[in-house]
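Numbering (our numbering), first residue to last: 6 to 270.
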């Protein structure tokens, strides 16, 4: 996988052949997909097909092949369609990935809890460390690498983000990257380069507790909260790492980008 390794104790960086245990993963699939309408009026965005497969399936296949033990999928808009389509186990050529669901809205009509709110709701189904990926991002070259997860678990980081080159629709990017591999929340006017957060990350459950986050585990009140403010607080404390990912990556946020990937534009 094309990414720059981050700093961690040497003893933690083992090869997958050494039998490393992977953490679980959370896939974000609850959003309405307003910009994809009318395609998402009757189909949740993560089930829209790219090159003959639902968007979400590309991540599931990579997670299964990487030996991730289970994936938690949060659902919201038209959410019942996702377990109906995917079931409780995803089989990728013999590599099986158990699937569990975190239902944010049984009606399938309400707004999502946003990223941090949705993670807080699903937190009891996740471990101390977990992978995160958005179900509407196409990144077929990304490998959910067990050695990267082990290095993260052995570090004191609260998050590790994969950053990509800024796409045309987001030219200013999101975060900087220090020579030490730390993600930076650069102030306005800072001349240092910024990259775009790919929505793929390793996270620690600790990030969703005080002092970083005030939402109780399980998010029983259904609070809506974005992930960005939590990450920025942790960046200010020097506890968010980052790597550059140079593989194929598309935020499938509009029908035009979907058509481009399917060769129909």
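Each residue gets a CB set at the ideal place from its N, CA and C atoms; glycine is no exception.
This structure is a prediction, so every number in the text was calculated from the model and none was measured.
Same chain only: Cβ atoms within 7 Å of residue 172, ignoring 5 sequence neighbours per side: The residue labelled residue 172 in the question sits at position 167 within the chain shown. In chain order, 201 and 256 place their CB closer than 7 Å to the CB of residue 172, counting only its own chain and leaving out the 5 sequence neighbours on each side.
Straight-line Cα distance separating residue 232 from residue 16: Along the chain shown, one-based indexing puts residue 16 at 11. Along the chain shown, one-based indexing puts residue 232 at 227. Residue placement at residue 16 is flagged as unreliable, the pLDDT there being 27, under the threshold of 50; a coordinate-derived value is accordingly withheld.
Residue 122 and residue 211 closer than 7 Å at C-beta: If you number the chain shown from 1, residue 122 lands on position 117. If you number the chain shown from 1, residue 211 lands on position 206. No, these two residues do not count as a Cβ contact at 7 Å.
Residues that residue 245 bridges to, as DSSP identifies them: Counting from one through the chain shown, the residue named residue 245 turns up at place 240. For residue 245, which the question treats as bridged, DSSP gives the partners 164.
Where residue 59 sits in the DSSP three-state scheme: Working through the chain shown from its first residue, we reach residue 59 at position 54. Strand at residue 59.
Backbone CA spacing between residue 100 and residue 194 [nearest angstrom]: For the purposes of this step, residue 100 is identified with residue 95 of the chain shown, where counting begins at 1. For the purposes of this step, residue 194 is identified with residue 189 of the chain shown, where counting begins at 1. The straight-line gap from Cα to Cα measures roughly 48 Å.
Enclosing alpha helix (DSSP H) for residue 103 [first to last residue]: What you label residue 103 is simply residue 98 of the chain shown in a count that begins at 1. Here residue 103 belongs to no alpha helix (DSSP H); instead the beta strand (DSSP E) covers 100-108.
Inside the segment 119-169 only - alpha helix (DSSP H) runs reaching at least 4 residues: 119-127 and 151-159
Residue 96 classed as buried or exposed, judged by whether at least 16 other C-beta atoms fall within 10 angstroms: Along the chain shown, read from residue 1 onward, the residue named residue 96 stands at position 91. Per the 10 Å Cβ criterion, exposed.
Three-state secondary structure assigned by DSSP to residue 205: In the chain shown, residue 205 corresponds to position 200, counting from 1. In this structure, residue 205 counts as strand in the three-state DSSP scheme.
Distance, residue 118 Cα to residue 230 Cα: On the chain shown, residue 230 is found 225 positions in, with the first residue counted as 1. On the chain shown, residue 118 is found 113 positions in, with the first residue counted as 1. Straight-line Cα distance between these residues: approximately 7 Å.
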